[in-house]
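K.L.:
Supplied in structure tokens, the structure appears directly below.
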Amino acid sequence: MTTCWGTKKDKKVNEETAFKETAFIRNGSKLLEKLVDIWDGKCNSIRSFSAAELEKTTNNYDIRKMFFRNPFYKLYKGFLQGIPVSVKKFEDDDRAYEYCFNDIVYSSKMSVHKSFVKLLGCCLETQIPILVFEYVGEWTLEDCLWGPEEARCRPLLWIARSKIAMDMANAVAFLHAAFAKPIVFRNIKPSNILLDDNHEAKLSDFSLAISVPEGESHVSDEVTGTIGFIAPEYLATNNFNEKQDVFSFGVFLLVLLSGQKAIDFSRLPEEEVLLRYQVKKCVEDDRLNKIIDSTIIAEGAWPGKEQQLQAFAALALRCISKVAEDRPTMIDVSKELRKIHRSAISCRQQQG
Numbered sequence: 001m002t003t004c005w006g007t008k009k010d011k012k013v014n015e016e017t018a019f020k021e022t023a024f025i026r027n028g029s030k031l032l033e034k035l036v037d038i039w040d041g042k043c044n045s046i047r048s049f050s051a052a053e054l055e056k057t058t059n060n061y062d063i064r065k066m067f068f069r070n071p072f073y074k075l076y077k078g079f080l081q082g083i084p085v086s087v088k089k090f091e092d093d094d095r096a097y098e099y100c101f102n103d104i105v106y107s108s109k110m111s112v113h114k115s116f117v118k119l120l121g122c123c124l125e126t127q128i129p130i131l132v133f134e135y136v137g138e139w140t141l142e143d144c145l146w147g148p149e150e151a152r153c154r155p156l157l158w159i160a161r162s163k164i165a166m167d168m169a170n171a172v173a174f175l176h177a178a179f180a181k182p183i184v185f186r187n188i189k190p191s192n193i194l195l196d197d198n199h200e201a202k203l204s205d206f207s208l209a210i211s212v213p214e215g216e217s218h219v220s221d222e223v224t225g226t227i228g229f230i231a232p233e234y235l236a237t238n239n240f241n242e243k244q245d246v247f248s249f250g251v252f253l254l255v256l257l258s259g260q261k262a263i264d265f266s267r268l269p270e271e272e273v274l275l276r277y278q279v280k281k282c283v284e285d286d287r288l289n290k291i292i293d294s295t296i297i298a299e300g301a302w303p304g305k306e307q308q309l310q311a312f313a314a315l316a317l318r319c320i321s322k323v324a325e326d327r328p329t330m331i332d333v334s335k336e337l338r339k340i341h342r343s344a345i346s347c348r349q350q351q352g
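Each residue of the sequence shown is one higher than the last, beginning at 1 in full-length UniProt numbering.
Now the structure itself:
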């Protein structure tokens, strides 16, 4: 004899199974559509995870497992087959739904490059797919600059900063030059750069990435991104291309150099709210040391260091030129930062 409780339980199981199957079909169809649109259907293979697997590894998305959150998603640390992973769970939101598929489609092609967070797989059984990435560490560059004390306990020294800048420039240059349709990342900022315990940096979150169609000079889309990192021509016209990334990368370089936020309304009345204007003024007045992070100053001086800092600042200012055409390409930025980093290492070693 079947009990009432047993009937209800069976009904619930059937409903959950039907929901997962429906979600899998809907999400799989959407994913295929995006893959065809962006990569002509070609992609690197990634693993398919079940909803149950990810619930188990995150202890049903226990807040104590969460190490990062923003308005669109949360990151949880888990273990799969003994390997640490980062589980990315998007909020139930229409924009997050689109961002999620963007992240899957672009991240799946980046496993060949060491400076991107590697996508291991995803779960299509949920309302919005859940993504599984390699676990890099729980701190972002933003945390290491302005976050909790445990994130700032190992100071970011000049050589480490120059390497982070070089590695991130290489990553963005790869996006712009390695594909038939250049990829504009559109959201280069400290909170999207993850650091491991050795301050090795990896770029994450392709939510806003977009490809420039072959034969086209730009893309038109609503303004999106982070205030302080958006290029003026994008704000004015809704049109952008790779030069948007160059601009935001220039702001990122200024943040690395100064340890200050790109935009800060708590600055003194005589100071500029936007960091880029403040740096420009200091450079024009020959007072670069005024805006260099105190951690870099506290390291002390050695032959060549001042020239490296000046070259770094000058490159950043070229990247944020008001006229897009006056900005360098990311390949040129990458080459210049490689020179600066190599000089920093060489001069430091000679100094002992």
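Ideal placement from N, C-alpha and C gives every residue a C-beta, glycine not left out. Quantities reported herein were computed from a predicted structural model and do not represent experimental measurements.
Is the Cβ-Cβ distance between valine 184 and alanine 209 less than 8 Å?
P.N.:
Taking 8 Å as the Cβ cut-off, valine 184 and alanine 209 qualify as a contacting pair.
K.L.:
I need the boundaries of the alpha helix (DSSP H) containing tyrosine 73, first residue and last residue.
P.N.:
It is not in any alpha helix (DSSP H) - tyrosine 73 instead sits in the beta strand (DSSP E) that spans 73-80.
K.L.:
In or out: serine 294 buried (at least 16 other Cβ within 10 Å) or exposed?
P.N.:
With fewer than 16 other Cβ atoms within 10 Å, it is exposed.
K.L.:
Determine contact between the segment 43-51 and the segment 137-157, defined as no fewer than three beta-carbon pairs at a distance below 8 Å.
P.N.:
No: fewer than three Cβ pairs fall under 8 Å.
K.L.:
Note down the Cα distance separating lysine 114 from lysine 202, rounded to an integer number of angstroms.
P.N.:
Near 8 Å, if we compare the C-alpha coordinates of lysine 202 and lysine 114.
K.L.:
Which residue's Cα is closest to the Cα of arginine 287: Leu274, Glu306, Trp302?
P.N.:
If we check each option's Cα against that of arginine 287, Glu306 comes out closest.
K.L.:
Spatial neighbours of aspartate 196 within its chain, please: C-beta separation below 6 Å, excluding the five flanking residues on both sides.
P.N.:
Cβ within range, chain order: Val136, Gly137.
K.L.:
Using only CA atoms, which one of Val219, Leu54, Phe179 lies nearest to glutamine 81?
P.N.:
The candidate whose alpha carbon is nearest that of glutamine 81 is Leu54.
K.L.:
Give the range of the beta strand (DSSP E) segment to which glycine 250 is assigned.
P.N.:
Unbroken run through glycine 250 is the alpha helix (DSSP H), 242-258; no beta strand (DSSP E).
K.L.:
What does a CB cutoff of less than 6 Å around phenylalanine 252 pick up in its chain, not counting 5 residues either side in sequence?
P.N.:
Once the five neighbours on either side are set aside, the close Cβ partners of phenylalanine 252 are Ile188.
K.L.:
According to DSSP, is alanine 344 part of a helix, a strand, or is it coil?
P.N.:
Residue state, collapsed to three classes: helix.
K.L.:
Would glutamine 308 and serine 343 qualify as a contact pair, given that the criterion is a beta-carbon distance under 8 Å?
P.N.:
Yes, the pair counts as a contact, with Cβ atoms nearer than the cut-off.
K.L.:
Enumerate in chain order the residues of its own chain whose CB-to-CB distance from serine 266 is below 7 Å, with the five nearest sequence positions on each side excluded.
P.N.:
Hits under 7 Å: none found.
K.L.:
Between Arg318, Asn170, Glu336, Arg161, which lies nearest to glutamate 299 when the distance is taken from Cα to Cα?
P.N.:
Comparing Cα-Cα distances from glutamate 299 to each of Arg318, Asn170, Glu336, Arg161, the minimum goes to Arg161.
K.L.:
Three-state secondary structure (DSSP) at cysteine 43?
P.N.:
The answer is coil: DSSP assigns cysteine 43 none of H, G, I, E or B.
K.L.:
In angstroms with no decimal places, state the Cα-to-Cα distance between glutamate 322 and leucine 274.
P.N.:
Per the sequence shown, residue 322 should be read as lysine rather than glutamate. The alpha-carbon atoms of lysine 322 and leucine 274 are separated by roughly 14 Å.
K.L.:
Tell me whether the beta-carbon of tyrosine 99 lies closer than 8 Å to the beta-carbon of phenylalanine 72.
P.N.:
Yes; because the gap between Cβ atoms is below 8 Å, this pair is in contact.
K.L.:
So, with DSSP's three-state summary, where would you put isoleucine 210?
P.N.:
Correct three-state label for isoleucine 210: strand.
K.L.:
Within 10 angstroms of its Cβ, does asparagine 14 collect 16 or more other Cβ (buried), or is it exposed?
P.N.:
Exposed is the call here.
K.L.:
Measuring CB to CB, does glutamate 142 end up less than 8 Å from valine 117?
P.N.:
The answer is no: Cβ separation not under 8 Å.
K.L.:
Could you work out which residue in Ser207, Ser108, Ala18, Leu256 is closest to threonine 140 when comparing CA atoms only?
P.N.:
It is Leu256.
K.L.:
Quick one: does tyrosine 106 have its CB under 8 Å from some CB of chain D?
P.N.:
Among the protein chains of the structure shown there is no chain D, as only one such chain exists.
K.L.:
Taking the beta strand (DSSP E) that proline 84 belongs to, which residues open and close that run?
P.N.:
It spans 83-90 - the beta strand (DSSP E) in which proline 84 sits, taken as one unbroken run.
K.L.:
Quick check: leucine 75 and isoleucine 104, are their CB atoms within less than 8 Å of each other?
P.N.:
No, they are not a contact pair.
K.L.:
Kindly indicate which three-state DSSP category glutamate 138 falls into: helix, strand or coil?
P.N.:
Three-state result, glutamate 138: coil.
K.L.:
Got a sec? Which residues, its chain only, sit under 6 Å from isoleucine 296 by beta carbon, not counting five neighbours each side?
P.N.:
Hits under 6 Å: Trp158.
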